[in-house]
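Participant:
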Amino acid sequence: MTGKYAYLQLSQRPKHRKMPALSLHDTRGKTLTAGLSSALLGEIKTELARGKQCMVFLNRRGFAPALFCTQCGWRAYCQACDKPMTYHASTQKAVCHHCDHTFMIDQHCPDCQQTSLSTQGQGTERIAFALQNQFPNVPVIRIDRDTTRKKGEIETKLNEVRQGSACILVGTQMLAKGHDFPNITLVGILEVDQALFSMDYRAPERLAQLITQVAGRAGRGADSGRVMLQTCQPDHPALQTLLYQDYRVFAEQLLAERQQWQFPPYSYQALIRTEALTMDAALQFLSQIRELLQAFDLQLLGPAPAPLERRATWYRAQLLITASQRKHLHHALSQRLNAFYQVNKRTKLRWSIDIDPVDLS
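Just so we're aligned: the sequence shown equals residues 4 to 364 in this note's numbering.
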């Protein structure tokens with residue numbers, strides 16, 4: 004667009020290995036075992052019988068993202084973030100993945116004391132547990148933040164995979180790139196639909212990058228690789244483009260959409276985030292910031308509560324600033340920065356300016 008950047012492409016894999024074949028598996032109306040379809044389990048069984056390795060990817064750690072009582076309706080909820088807490092079976096704890104608050108869970112509901120607690124959904128811990136039940140004679144190696152906290156743990160697990168014997172690797176984004184496992188011939192990616200309906204316009208881009216990176220773990224050795232994507236939206240245009248065309252076509256389509264709506268890289272953005280003891284205080288501060296910016300050639304969206312409205316007892320809000328040229332954005336912010344500090348002196352809060360934000364949450 005401005006000639007400052009060049010497009011460089013790796014046209015082939017090392018040693019001329021073929022790219023893995025991608026396929027969509029429609030899970031609509033299908034019975035799943037802890038999020039795993041019978042088709043994926045069957046393919047894993049086939050590859051293990053050949054002495055190969057398989058990888059199952061889910062970008063959510065823990066056992067289940069929801070824990071509730073079927074008797075009285077109680078659910079594990081973080082009082083500091085107003086968000087559901089994730090159940091971790093190995094430690095018998097409910098954990099908030101936003102502020103790290105935890106509390107112990109036994110067999111009884113904290114409210115009604117009945118033994119009627121149930122979970123919904125799955126994380127990597129549940130996936131690994133289900134796979135170990137399905138394939139009891141095969142090592143299931145889970146790599147996520149929970150299993151690699153201690154020094155040397157991740158290297159121990161990676162070395163076990165690198166030995167090449169049949170095993171199943173289960174993990175989160177920690178496994179998406181930078182690892183070479185020559186004996187992995189099958190990768191299963193679960194719940195790819197999560198990013199298809201996000202409020203963040205960059206979500207499809209991140210999904211495509213993640214699929215491309217995770218798929219790159221398969222077929223790095225002498226045998227070709229395959230990637231199965233489980234989805235309830237097999238006809239979604241983004242998935243169809245990735246499957247039947249390639250990432251470059253996908254990127255060109257996204258760029259055309261962004262040009263139409265004047266989203267970056269065809270405009271320039273800054274996000275002012277604030278955290279305060281009340282939502283009113285956060286919104287009032289940003290309203291004053293907005294008034295200070297009204298005289299400039301900018302588009303101002305907000306202030307509004309952040310997608311994660313509350314974290315660790317602090318209320319969060321944001322103001323999105325968009326400019327047609329970068330110099331207009333920098334000029335406005337530099338001219339008003341001292342005034343921002345003056346506003347902050349009158350209010351107990353925290354605030355920051357994120358130039359070219361990659362995450363709008």
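For glycine and all other residues, C-beta sits at the position ideal for the given N, C-alpha and C.
Any heavy atom of the ligand NAD within a distance shorter than 8 Å of the CB on S355?
Facilitator: Absence of the ligand NAD is noted for the structure shown, with no ligands found whatsoever.
Participant: For Q265, list the residues DSSP reports as bridge partners.
Facilitator: Here residue 265 refers to the residue found at position 262 when the sequence shown is read from its first residue. Answer by DSSP bridge pairing: none, since Q265 is not bridged.
Participant: Could you check which residue in C84, L246, G54 has the C-alpha nearest to that of A309?
Facilitator: For the purposes of this step, residue 309 is taken as residue 306 along the sequence shown, with counting starting at 1. The shortest Cα separation from A309 among C84, L246, G54 belongs to C84.
Participant: Just the Cα atoms here: how many angstroms apart are F106 and Q176?
Facilitator: The residue labelled residue 106 in the question sits at position 103 within the sequence shown. The residue labelled residue 176 in the question sits at position 173 within the sequence shown. When rounded, the distance between both Cα atoms is 26 Å.
Participant: Using a threshold of 9 Å, state whether the C-beta atoms of L303 and I356 are closer than that.
Facilitator: Taking the first residue of the sequence shown as position 1, residue 303 is located at position 300. Taking the first residue of the sequence shown as position 1, residue 356 is located at position 353. Against a cut-off of 9 Å, the Cβ pair of I356 and L303 comes out as no contact.
Participant: Which of helix, strand or coil does DSSP assign to L274?
Facilitator: Here the question's residue 274 lines up with position 271 in the sequence shown. In this structure, L274 counts as strand in the three-state DSSP scheme.
Participant: Which stretch, first to last residue, makes up the alpha helix (DSSP H) that contains I214?
Facilitator: Taking the first residue of the sequence shown as position 1, residue 214 is located at position 211. Here the alpha helix (DSSP H) through I214 covers 206 to 218.
Participant: Is V143 closer than 9 Å to V173 when the C-beta atoms are compared?
Facilitator: Residue 173 sits at position 170 when you count from the first residue of the sequence shown. Residue 143 sits at position 140 when you count from the first residue of the sequence shown. Yes. Within cutoff.
Participant: For a test of the three-state rule: what should DSSP assign to T105, helix, strand or coil?
Facilitator: Taking the first residue of the sequence shown as position 1, residue 105 is located at position 102. Residue state, collapsed to three classes: strand.
Participant: Tell me, please, whether the region 231 to 248 touches the region 200 to 215 by the rule of three or more beta-carbon pairs shorter than 8 Å.
Facilitator: At 8 Å Cβ cutoff, the stretches touch.
Participant: Looking only at its chain, what residues have a beta carbon closer than 7 Å to the beta carbon of T118, apart from the 5 residues adjacent to it on each side?
Facilitator: As a first step, residue 118 is located in the sequence shown; it is residue number 115 there, counting from the start. Closer than 7 Å at Cβ, skipping near neighbours: Q110, H111.
Participant: Within the 9 Å Cβ cut-off, does L274 reach chain D?
Facilitator: In the structure shown, chain D cannot be found, because there is only a single protein chain.
Participant: Does the separation of the CB atoms of P192 and Q135 fall below 9 Å?
Facilitator: Here residue 192 refers to the residue found at position 189 when the sequence shown is read from its first residue. Here residue 135 refers to the residue found at position 132 when the sequence shown is read from its first residue. The sequence given here places Ile at residue 192; Pro does not occur at that position. Going by C-beta atoms, I192 is not nearer than 9 Å to Q135.
Participant: What are the partner residues of A69, as DSSP defines its beta bridges?
Facilitator: Translated into positions along the sequence shown, residue 69 becomes position 66. Note: A69 sits in a beta bridge opposite Q123.
Participant: Quick one: what's got a C-beta closer than 7 Å to L352's C-beta in the same chain, skipping five residues either side?
Facilitator: Position 349 of the sequence shown, counted from the start, is the residue given in the question as residue 352. Closer than 7 Å at the Cβ level, and outside the excluded window around L352, lie T277, E278, A279, A284, A285, F288.
Participant: Should G38 go down as buried or exposed, given a rule of 16 or more other Cβ atoms within 10 Å for buried?
Facilitator: Locating residue 38 in the sequence shown gives position 35, where the first residue counts as 1. Result: buried.
Participant: Is it the case that the region 51 to 69 contacts the region 162 to 169, given that we only count it when at least three CB pairs across the two stretches are under 8 Å?
Facilitator: Result yes; three or more Cβ-Cβ pairs closer than 8 Å.
Participant: Thinking just about the alpha-carbon of each residue, which of T89, E312, L161, A9 is nearest to the one in T281?
Facilitator: Position 278 of the sequence shown, counted from the first residue, corresponds to residue 281. Cα-wise, what sits closest to T281 is E312.
Participant: Specify, as a first and last residue, the run of the alpha helix (DSSP H) that S355 falls within.
Facilitator: Taking the sequence shown and counting its residues from 1, one reaches residue 355 at position 352. Not the alpha helix (DSSP H): S355 falls in the beta strand (DSSP E), residues 352 to 358.
Participant: Rounded to the nearest angstrom, how far is the Cβ of T150 from that of F66, given a contact under 8 Å?
Facilitator: Along the sequence shown, one-based indexing puts residue 150 at 147. Along the sequence shown, one-based indexing puts residue 66 at 63. About 13 Å; that fails the 8 Å criterion.
Participant: Ignore the nearest five residues each way along the sequence and tell me which others in I358's own chain have a CB closer than 7 Å to its CB.
Facilitator: In the sequence shown, counting from the first residue as 1, residue 358 sits at position 355. Excluding residues within five positions, the ones whose Cβ falls inside 7 Å are A273.
Participant: Pull up the CB-CB distance for V252 and V190, whole angstroms please, since I reckon it's below 8 Å.
Facilitator: One-based indexing of the sequence shown puts residue 252 at position 249. One-based indexing of the sequence shown puts residue 190 at position 187. Going by Cβ atoms, the distance from V252 to V190 rounds to 22 Å, so no, they are not a contact pair.
Participant: Please give me, in chain order, every unbroken run of the beta strand (DSSP E) with length at least 3 that falls completely inside the region 141 to 182.
Facilitator: Taking only runs of at least 3 residues, the beta strand (DSSP E) segments lying wholly in the region 141 to 182 are 143 to 146, 171 to 174.
Participant: Measuring only the C-alpha atoms, how far is R31 from K154?
Facilitator: Sequence index remark: in the sequence shown, residue 31 carries index 28 (1-based). Sequence index remark: in the sequence shown, residue 154 carries index 151 (1-based). Looking at the two C-alpha atoms, the distance is approximately 42 Å.
Participant: Under a three-way DSSP split, which group does T30 fall into?
Facilitator: The count along the sequence shown starts at 1 and reaches residue 30 at position 27. T30 falls in the coil class under three-state DSSP.
Participant: Does the separation of the CB atoms of Q236 and L199 fall below 9 Å?
Facilitator: In the sequence shown, the residue the question calls residue 236 occupies position 233. In the sequence shown, the residue the question calls residue 199 occupies position 196. Yes, these two residues count as a Cβ contact at 9 Å.
Participant: Whole-angstrom Cβ separation of L61 and T127, contact assumed at under 8 Å?
Facilitator: As a first step, residue 61 is located in the sequence shown; it is residue number 58 there, counting from the start. As a first step, residue 127 is located in the sequence shown; it is residue number 124 there, counting from the start. With a Cβ gap of about 6 Å, L61 and T127 count as contacting.
Participant: Excluding five sequence neighbours on each side, which residues of the same chain lie with their C-beta closer than 6 Å to the C-beta of R145?
Facilitator: Position 142 of the sequence shown holds residue 145. Cβ within range, chain order: T127, A131, V173.
Participant: Can you tell me where the beta strand (DSSP E) with E312 in it begins and where it stops?
Facilitator: Along the sequence shown, read from residue 1 onward, the residue named residue 312 stands at position 309. Counting along the chain, the beta strand (DSSP E) containing E312 begins and ends at 302 to 314.
Participant: How long is the line joining the alpha carbons of S290 and M202, rounded to whole angstroms?
Facilitator: Sequence index remark: in the sequence shown, residue 290 carries index 287 (1-based). Sequence index remark: in the sequence shown, residue 202 carries index 199 (1-based). Their Cα atoms are separated by approximately 22 Å.
Participant: My guess is that P113 and T89 are in contact by the Cβ rule of under 8 Å, so how many angstroms apart are they, rounded?
Facilitator: In the sequence shown, residue 113 corresponds to position 110, counting from 1. In the sequence shown, residue 89 corresponds to position 86, counting from 1. With 8 Å as the limit, P113 and T89 do not qualify as a contact, their Cβ atoms being about 16 Å apart.
Participant: Taking the DSSP output, what are the residues bridged to R229?
Facilitator: For the purposes of this step, residue 229 is identified with residue 226 of the sequence shown, where counting begins at 1. A24, L189, per the DSSP bridge assignment.
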